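One structure below.
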Amino acid sequence: MHPLTYAETLIDYHLCPHPKYKFIKESHRGSSIPLTQKQFLHHTDIIPGIMHWKKFQPLALSSLPETSKIDTTQSCDSFNLAMLPKNVPALLDALPEEDRLETAERELCEQNIEVMLTPEIIEAEFPMLDHKDTKKEKFTSVATLMAGPLWRAAAFVQRHRAGLLVGSCAGLFGAQISYHLFPDPVIRWLYQYWPQGQPAPLSPELQSLFQEVLQDVGIPSGHSYEAFTSFTFQPVSAGFPRLPAGAIVGIPATFLGGTLIDSDHPVVVHGQRVNWQSPAGTRLRDALTLSRDAQKFALAKEVVYLESSTAALQALLAPACLAGTWALGVGAKHALGLYGGPMNLRTAFNLAAAVAGFVAYAFSTDSLTHALEAWLDRRTAALSAAYAQGGVEFYEKILSGNIALRSLLGKRGEQLYTPSGNIVPRHWFRIKHLPYTTRRDSVLQMWRATLNPGHS
0 MHPLTYAETL
10 IDYHLCPHPK
20 YKFIKESHRG
30 SSIPLTQKQF
40 LHHTDIIPGI
50 MHWKKFQPLA
60 LSSLPETSKI
70 DTTQSCDSFN
80 LAMLPKNVPA
90 LLDALPEEDR
100 LETAERELCE
110 QNIEVMLTPE
120 IIEAEFPMLD
130 HKDTKKEKFT
140 SVATLMAGPL
150 WRAAAFVQRH
160 RAGLLVGSCA
170 GLFGAQISYH
180 LFPDPVIRWL
190 YQYWPQGQPA
200 PLSPELQSLF
210 QEVLQDVGIP
220 SGHSYEAFTS
230 FTFQPVSAGF
240 PRLPAGAIVG
250 IPATFLGGTL
260 IDSDHPVVVH
270 GQRVNWQSPA
280 GTRLRDALTL
290 SRDAQKFALA
300 KEVVYLESST
310 AALQALLAPA
320 CLAGTWALGV
330 GAKHALGLYG
340 GPMNLRTAFN
350 LAAAVAGFVA
360 YAFSTDSLTH
370 ALEAWLDRRT
380 AALSAAYAQG
390 GVEFYEKILS
400 GNIALRSLLG
410 KRGEQLYTPS
420 GNIVPRHWFR
430 IKHLPYTTRR
440 DSVLQMWRAT
450 LNPGHS
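Taking numbering that gives the first Met the number 0, I'd label the letters of the sequence shown as residues 0 to 455.
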């Protein structure tokens with residue numbers, strides 16, 4: 000088969016970049032088409048008798064780190080593996096005169112031009128060369144290691160988000176309600192009073208006081224209560240009286256009078272031993288000595304709290320805020336079209352939604368606690384005038400004791416208590432409990448209304 004003449008060949012032959020020859024005067028050595036015609040690089044057919052097929056490695060393998068060790072399956076065809084012309088193309092006898100003049104001028108201009116190949120030129124022309132950029136590979140590998148687990152975690156959360164939401168809400172609710180469901184081993188272990196290395200039994204005096212309070216509040220016989228001696232200055236409680244596990248109340252050992260606050264008995268508060276002989280120690284000892292009415296008010300307040308079962312309502316706030324934050328966040332992202340935007344924008348929105356959800360949780364928790372404490376004081380003081388009077392004394396003694404501790408603890412006391420005896424909030428944006436002065440004034444107002452019903 001003889002080589003084709005110019006008139007018999009297709010334009011694709013002259014535009015093909017594999018290979019390139021030059022015109023030397025009357026001798027045809029290739030095409031005069033510029034090398035920038037890259038759109039003709041991939042051909043679907045060949046020129047019979049001039050070119051043959053050759054299989055190249057796929058361009059997708061260029062992104063792999065080590066291509067020399069990768070085996071690829073080559074498809075078979077009936078052609079040779081060399082995509083090169085068998086012979087030098089024939090003279091272009093039918094080449095127009097304008098093309099001949101242009102080619103001759105280009106040859107004259109290129110005779111004195113020396114072209115030096117650089118690694119960058121070779122790499123740009125042959126991207127499959129096994130050239131490695133160490134810094135780029137190191138950065139890519141580190142980014143891959145960091146992004147891999149993150150993307151897998153994000154995909155897992157996206158795939159199981161409903162189940163994760165339900166599990167998270169159930170976990171939050173269970174964590175906050177668990178010690179109310181099993182109060183005896185938890186609360187007793189945390190607050191039990193151990194005077195001589197042994198748990199102090201509940202004295203008959205305190206047991207009688209507790210039973211009297213239960214009768215005054217009107218507890219049904221089917222509700223289960225248990226009391227123990229605690230080392231705290233105020234009563235503690237947990238549980239649900241209607242459940243089989245019942246409720247448990249820790250009665251402070253200081254309610255026994257001189258047993259705990261004797262001058263020879265060491266008492267440590269915030270890591271510092273109390274000096275009962277000092278003026279502040281004397282004031283603290285007086286603050287810990289409560290009348291029977293004040294003790295009954297303190298215990299009745301805990302019993303009313305347990306009977307109301309508001310612990311379940313308090314435990315519901317965290318999962319409710321979590322579910323609400325998730326639902327509002329998903330709805331807002333759908334409304335704003337963030338699911339079709341970049342992931343960084345969605346991440347920033349999720350962080351902002353999480354902060355907003357935490358603020359909502361803190362605000363709702365503190366508001367519920369304030370309302371609950373005010374209701375407990377009013378409900379307990381409404382039992383009788385003696386309970387109201389005991390409530391005023393109880394909060395007066397708490398304020399007096401905090402003022403004494405502020406003096407005893409020095410700088411630490413100034414950080415914990417205000418000059419009036421209230422507790423300094425630990426967070427600048429949260430007030431978790433009502434001030435003791437507010438609670439005292441509320442009970443005092445009810446006591447005055449009880450004494451003077453016509454002027455209420």
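Beta carbons: idealized from backbone N, C-alpha and C, even for Gly. As the structure is a prediction and not an experimental result, all values here were calculated from the model.
Terminal residues of the alpha helix (DSSP H) in which residue i lies
i           : result
residue 186 : 182–190
residue 362 : 342–380
residue 473 : For residue 473 there is no data in the structure shown, the boundaries of the chain being 0 and 455.
residue 427 : It is not in any alpha helix (DSSP H) - residue 427 carries neither H nor E in the DSSP assignment.
residue 232 : Element bounds for residue 232: n/a, residue is neither H nor E.
residue 217 : Segment: none, residue 217 is in no alpha helix (DSSP H) and carries neither H nor E.
residue 436 : 435–450
residue 280 : 278–287
residue 414 : 410–415
Test: residue i CB closer than 8 Å to a CB of chain B
i           : result
residue 411 : Looking at the structure shown, chain B is missing, and only one protein chain is on hand.
Range of the contiguous beta strand (DSSP E) that encloses residue i
i           : result
residue 239 : 235–239
residue 248 : 245–251
residue 324 : From DSSP, residue 324 is part of no beta strand (DSSP E) but of the alpha helix (DSSP H) over 309–335.
residue 224 : 224–229
Closest by C-alpha distance to residue i, when choosing among the options
i           : options            : result
residue 243 : 234, 221, 250      : 221
residue 348 : 359, 370, 324, 304 : 324
residue 176 : 239, 304, 439, 155 : 239
residue 256 : 218, 204, 306, 304 : 204
residue 190 : 310, 285, 233      : 233
residue 219 : 207, 235, 199, 241 : 241
residue 397 : 272, 289, 102, 357 : 289
residue 329 : 310, 353, 311      : 353
residue 266 : 173, 441, 163, 192 : 192
residue 368 : 206, 309, 337, 118 : 309
residue 421 : 365, 186, 337, 437 : 437
residue 311 : 174, 197, 151      : 174
residue 162 : 183, 426, 322      : 322
residue 313 : 361, 346, 424, 207 : 361
residue 213 : 379, 423, 441      : 379
residue 461 : 269, 448, 365, 320 : In the structure as shown, the chain begins at 0 and stops at 455. Residue 461 is therefore absent and cannot be evaluated.
Classification of residue i by the beta-carbon crowding that lies within 10 angstroms, buried from 16 upward
i           : result
residue 340 : exposed
residue 445 : buried
residue 294 : buried
residue 343 : exposed
residue 33  : No answer about residue 33 holds up, because its pLDDT of 49 lies below 50 and its placement is not dependable.
residue 351 : exposed
residue 428 : exposed
residue 416 : buried
residue 100 : exposed
residue 102 : buried
residue 38  : Summary for residue 38: the model assigns pLDDT 40, below 50, so the residue's position carries little reliability, and this model does not support an answer.
residue 95  : exposed
residue 338 : exposed
residue 80  : Reliability of the predicted coordinates at residue 80 is poor, the pLDDT of 48 falling under 50, and the value obtained from them is presented with this limitation in mind. Its Cβ having fewer than 16 others within 10 Å, residue 80 is exposed.
residue 419 : exposed
residue 26  : Note on residue 26: pLDDT 42, under 50, position unreliable in the model; the coordinate value appears next. Answer is exposed; the Cβ neighbour count stays below 16.
residue 382 : buried
residue 179 : buried
Beta-carbon proximity check, residue i vs residue j, cutoff 8 Å
i           : j           : result
residue 201 : residue 318 : no
residue 283 : residue 412 : no
residue 458 : residue 386 : Here the chain covers residues 0 to 455 and nothing more, so residue 458 does not appear.
residue 373 : residue 315 : no
residue 389 : residue 376 : no
residue 287 : residue 236 : no
residue 250 : residue 209 : yes
residue 211 : residue 292 : no
residue 384 : residue 443 : no
residue 303 : residue 358 : no
residue 271 : residue 371 : no
residue 252 : residue 199 : yes
residue 196 : residue 223 : no
residue 320 : residue 363 : yes
Proximity test, residue i beta-carbon vs the ligand MG heavy atom, cut-off 7 Å
i           : result
residue 240 : Absence of the ligand MG is noted for the structure shown, with no ligands found whatsoever.
Quick test of the definition: if touching needs 3 or more C-beta pairs under 8 Å, does the region 387–403 touch the region 270–289? yes
Check whether the region 148–167 and the region 285–302 are in contact - that is, three or more C-beta pairs closer than 8 Å. Output reads no: the region 285–302 does not touch the region 148–167.
Three-pair Cβ contact test at 8 Å for the region 224–235 versus the region 161–169: no
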